[in-house]
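Following: one structure in structure tokens, then a few remarks.
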Amino acid sequence: MRSQCNIDGWTLQENLDVPDEFIDKANAIVDKNSLSHIWGWKEPRTTLFLDFWAQLLPDAKFLLIYRSPWDVIDSLYRRGDEIFRNQPELAVKYWIFYNQKVLDFYNKYGDKCLLANIETIVKYQDKYVAEISQKFGINLTNPSPAVYDDSLMQTNISEDGQRPSLIDYYFPEAIEMYQELESRGWHPNQTPDLSWNNQIKSSPYMAWAFRDWANYRLSAAENKSLRVELEGTQAKLEETLSQLNPTRDELEETRSQLQETESIVEQFKSQLEQTEGVLEKTHSQLQKTESILQESHNQLTGLRSQFSQVQEELEQAKSQLSQTQWDVMKYQSQLHHTQEELEQAEQQNRELLANQNQLQSQLNESESRLMKTEMMFSQLRLQLEQANKTQIRTIAQLHDTQGKLEYSEFQQHQYLAELERLEPQLEKTEIQLSQSLVKLNQVEKNHQRTLVQLHQTQGNLETCQLYLAESQQQQTQYKNQLEEWERLGEESIEQEQEMEKAIAQYQAKLQATEQELESSQHQLQQTQGELQRSQKALNKTELEAEKLRFYKMVANSSSEQSEERKYQLFVWDAWCAYQVGDLGTMAQCLQRSLKYSPKSKTETLSHWLENFSQFAKEKGVPFDTASLTSSEEWKQLMKRAIAVKTLISQKL
0 MRSQCNIDGW
10 TLQENLDVPD
20 EFIDKANAIV
30 DKNSLSHIWG
40 WKEPRTTLFL
50 DFWAQLLPDA
60 KFLLIYRSPW
70 DVIDSLYRRG
80 DEIFRNQPEL
90 AVKYWIFYNQ
100 KVLDFYNKYG
110 DKCLLANIET
120 IVKYQDKYVA
130 EISQKFGINL
140 TNPSPAVYDD
150 SLMQTNISED
160 GQRPSLIDYY
170 FPEAIEMYQE
180 LESRGWHPNQ
190 TPDLSWNNQI
200 KSSPYMAWAF
210 RDWANYRLSA
220 AENKSLRVEL
230 EGTQAKLEET
240 LSQLNPTRDE
250 LEETRSQLQE
260 TESIVEQFKS
270 QLEQTEGVLE
280 KTHSQLQKTE
290 SILQESHNQL
300 TGLRSQFSQV
310 QEELEQAKSQ
320 LSQTQWDVMK
330 YQSQLHHTQE
340 ELEQAEQQNR
350 ELLANQNQLQ
360 SQLNESESRL
370 MKTEMMFSQL
380 RLQLEQANKT
390 QIRTIAQLHD
400 TQGKLEYSEF
410 QQHQYLAELE
420 RLEPQLEKTE
430 IQLSQSLVKL
440 NQVEKNHQRT
450 LVQLHQTQGN
460 LETCQLYLAE
470 SQQQQTQYKN
480 QLEEWERLGE
490 ESIEQEQEME
500 KAIAQYQAKL
510 QATEQELESS
520 QHQLQQTQGE
530 LQRSQKALNK
540 TELEAEKLRF
550 YKMVANSSSE
560 QSEERKYQLF
570 VWDAWCAYQV
580 GDLGTMAQCL
590 QRSLKYSPKS
600 KTETLSHWLE
610 NFSQFAKEKG
620 VPFDTASLTS
630 SEEWKQLMKR
640 AIAVKTLISQ
650 KL
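Under numbering that gives the first Met the number 0, the sequence shown is numbered contiguously, ending at residue 651.
Okay, here's the thing in structure tokens:
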């Protein structure tokens with residue numbers, strides 16, 4: 000490990016390898032302290048090995064405490080380590096590196112961490128302890144105010160913001176990290192104190208550098224003056240020591256004489272003690288002889304009383320034996336009755352399982368029908384959407400055709416108007432023709448012009464007639480298309496109505512299927528409830544049967560004493576209560592077993608857990624020692640047991 004850090008334990012290496020020998024030491028530390036319910040340690044270098052400890056102790060909780068960079072840097076400079084004298088910027092780099100480790104670990108294991116500023120903790124100590132108790136589920140009491148000395152807590156942020164501004168100018172990542180720590184950390188009012196941010200200047204003032212220079216020279220002058228005073232004090236001290244040397248020699252001589260006198264006194268004391276020892280030995284032998292005589296007399300009296308007591312105990316044992324035999328017969332009858340009830344419960348359980356399987360098959364069938372219905376419903380929905388799209392297209396084409404038809408009718412009206420306009424011209428032309436025929440011989444040029452006009456008028460008439468025929472033909476086509484589109488629209492409406500009817504039918508079937516499904520689920524829930532009740536009754540019956548078998552086994556073991564038998568019965572009753580989750584009855588049985596335990600209180604507490612573990616192993620069920628020992632009933636039981644032990648010690 001030292002190869003990965005410098006001589007003072009500082010490092011900027013990302014991944015540190017933990018040798019096997021340190022892993023063994025860590026396991027030994029865990030084993031040594033695991034007997035305590037709450038234990039831990041405070042060590043800043045643990046920051047480098049947070050992931051290691053999280054893997055080694057999965058249930059561990061971490062109190063991550065940070066501090067402002069200027070306070071940490073000032074503290075490191077006051078220590079005067081050589082590494083920071085040579086490279087002062089390393090203090091900021093180490094702060095960034097270590098707190099980045101803290102943030103990474105907090106992002107990964109936020110549920111088992113509590114991140115807080117040391118100044119916030121000092122200001123709200125009681126609330127911080129309450130937050131720990133609430134988040135981690137442990138009961139902590141508030142520490143004594145005398146534990147903390149506020150004079151040792153130094154915050155060195157200057158009024159002009161020189162230190163934070165200097166850090167922000169050369170290491171802005173440190174200020175950003177501190178802001179992130181403040182935003183992620185615990186605050187009782189949910190609002191971090193960012194007033195320090197207002198004191199940060201955009202760049203360091205020139206006066207700060209010269210002020211540090213002046214302060215440095217002033218400190219050097221003061222150190223020089225103190226060094227001169229120290230040298231003068233050392234000279235006076237050496238002079239005083241030289242004056243004390245003769246006095247020291249006289250003192251040594253007096254001390255040697257005193258030691259000789261004390262040795263003589265010790266010799267006299269040893270001789271006196273030997274004489275007193277011989278006298279005490281003689282006196283003790285006399286007392287021993289008298290005590291032996293008295294002890295013999297007492298033994299004779301005790302043997303007589305023991306003989307009468309043994310006779311009484313023999314009579315009691317005979318009566319207890321007859322009573323035990325009667326109890327065994329009664330327990331056997333109860334056991335037979337319980338076995339019959341157990342067989343009935345098993346038969347009911349099998350019937351309930353059969354009903355459950357039948358209901359499950361019905362449920363599966365209902366679910367398959369429901370899926371088929373949903374598929375048909377989705378297909379019908381698609382067909383309805385396609386029909387709607389077709390209807391929309393048909394309506395659009397119908398509107399287009401109506402527009403074209405209206406335009407054709409408008410053109411037809413124009414052609415008819417043109418024809419009506421040309422008819423009087425035709426009549427006029429015919430009149431002119433008749434006049435021209437009369438005057439044919441007279442005006443040849445007028446006749447030819449009139450013929451040309453006649454041909455032109457006839458061409459226009461033929462053109463209008465053609466236009467009229469084409470318009471009538473187009474009108475007929477448009478009418479046919481309109482009739483066809485109206486027929487398609489009516490068919491689409493009929494299809495839509497049929498689809499709506501089919502959808503209504505499927506929705507009715509779907510509702511009926513859902514009702515059947517709800518009924519099946521209700522029956523299944525009832526069956527599961529009955530099954531759970533039967534299982535509880537079965538577990539209770541098995542527990543009673545085990546209790547009777549254990550009572551019978553304890554009653555048949557005649558070699559054990561009555562007190563130990565009662566102790567075992569109470570421990571077994573406590574185990575039975577623990578199995579059904581009745582921790583209060585368990586604690587009462589264990590409390591009562593203390594009266595009959597042949598072991599000490601500490602051994603009895605360990606023996607309880609060993610018995611519970613053995614019972615669980617024999618029955619093949621899991622046993623969580625940590626959950627039991629962390630329960631409130633167990634803690635109260637421990638307090639009562641310790642209180643009884645203390646009371647007995649006080650009486651003794």
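Cβ coordinates follow ideal geometry from the N, Cα and C atoms, glycine included.
Sub-8 Å separation of residue i and residue j beta-carbons
i: residue 126; j: residue 163; result: no
i: residue 94; j: residue 120; result: no
i: residue 179; j: residue 102; result: yes
i: residue 61; j: residue 111; result: yes
i: residue 611; j: residue 577; result: yes
i: residue 184; j: residue 139; result: no
i: residue 68; j: residue 177; result: yes
i: residue 65; j: residue 116; result: yes
i: residue 597; j: residue 562; result: yes
i: residue 498; j: residue 385; result: no
i: residue 100; j: residue 49; result: yes
i: residue 359; j: residue 484; result: no
Nonlocal neighbours in the same chain, by C-beta distance under 7 Å from residue i, ignoring five residues either side
i: residue 607; result: 570 and 589
i: residue 622; result: 611, 612 and 615
i: residue 634; result: none
i: residue 193; result: 181
Distance between beta carbons of residue j and residue i, contact taken as under 8 Å
i: residue 97; j: residue 46; result: 5 Å
i: residue 604; j: residue 640; result: 7 Å
i: residue 199; j: residue 167; result: 5 Å
Alpha-carbon to alpha-carbon, residue j and residue i
i: residue 489; j: residue 508; result: 29 Å
i: residue 57; j: residue 618; result: 29 Å
i: residue 479; j: residue 377; result: 37 Å
i: residue 347; j: residue 354; result: 10 Å
i: residue 81; j: residue 10; result: 15 Å
i: residue 222; j: residue 85; result: 20 Å
i: residue 25; j: residue 40; result: 13 Å
i: residue 473; j: residue 513; result: 58 Å
i: residue 500; j: residue 510; result: 15 Å
i: residue 145; j: residue 277; result: 57 Å
i: residue 304; j: residue 593; result: 29 Å
i: residue 637; j: residue 29; result: 23 Å
i: residue 230; j: residue 243; result: 20 Å
i: residue 173; j: residue 122; result: 24 Å
i: residue 665; j: residue 487; result: Since the displayed the chain opens at 0 and closes at 651, residue 665 lies outside it and no answer follows.
i: residue 240; j: residue 14; result: 56 Å
i: residue 284; j: residue 268; result: 24 Å
i: residue 585; j: residue 314; result: 34 Å
i: residue 260; j: residue 254; result: 10 Å
i: residue 595; j: residue 22; result: 44 Å
i: residue 524; j: residue 131; result: 42 Å
i: residue 522; j: residue 626; result: 37 Å
i: residue 228; j: residue 235; result: 11 Å
i: residue 293; j: residue 280; result: 20 Å
i: residue 147; j: residue 196; result: 28 Å
i: residue 345; j: residue 336; result: 14 Å
i: residue 266; j: residue 257; result: 14 Å
i: residue 587; j: residue 349; result: 37 Å
i: residue 19; j: residue 135; result: 31 Å
Proximal residues to residue i (C-beta, below 6 Å), its chain only, five neighbours per side dropped
i: residue 75; result: 83 and 90
i: residue 287; result: none
i: residue 191; result: 181
i: residue 363; result: none
Residues near residue i in its chain [Cβ-Cβ closer than 8 Å; skip 5 each side]
i: residue 142; result: 124 and 128
i: residue 591; result: 569
i: residue 629; result: 36
i: residue 380; result: 502
Alpha helix (DSSP H) runs wholly inside the region 9 to 34, at least 4 long, in chain order: Counting whole runs of 4 or more residues, the region 9 to 34 contains the alpha helix (DSSP H) stretches 19 to 32.
Go through the region 210 to 291 residue by residue and report every complete run of the beta strand (DSSP E) that reaches 3 residues or more, in order. For the region 210 to 291, not a single whole beta strand (DSSP E) run of length 3 or above is found.
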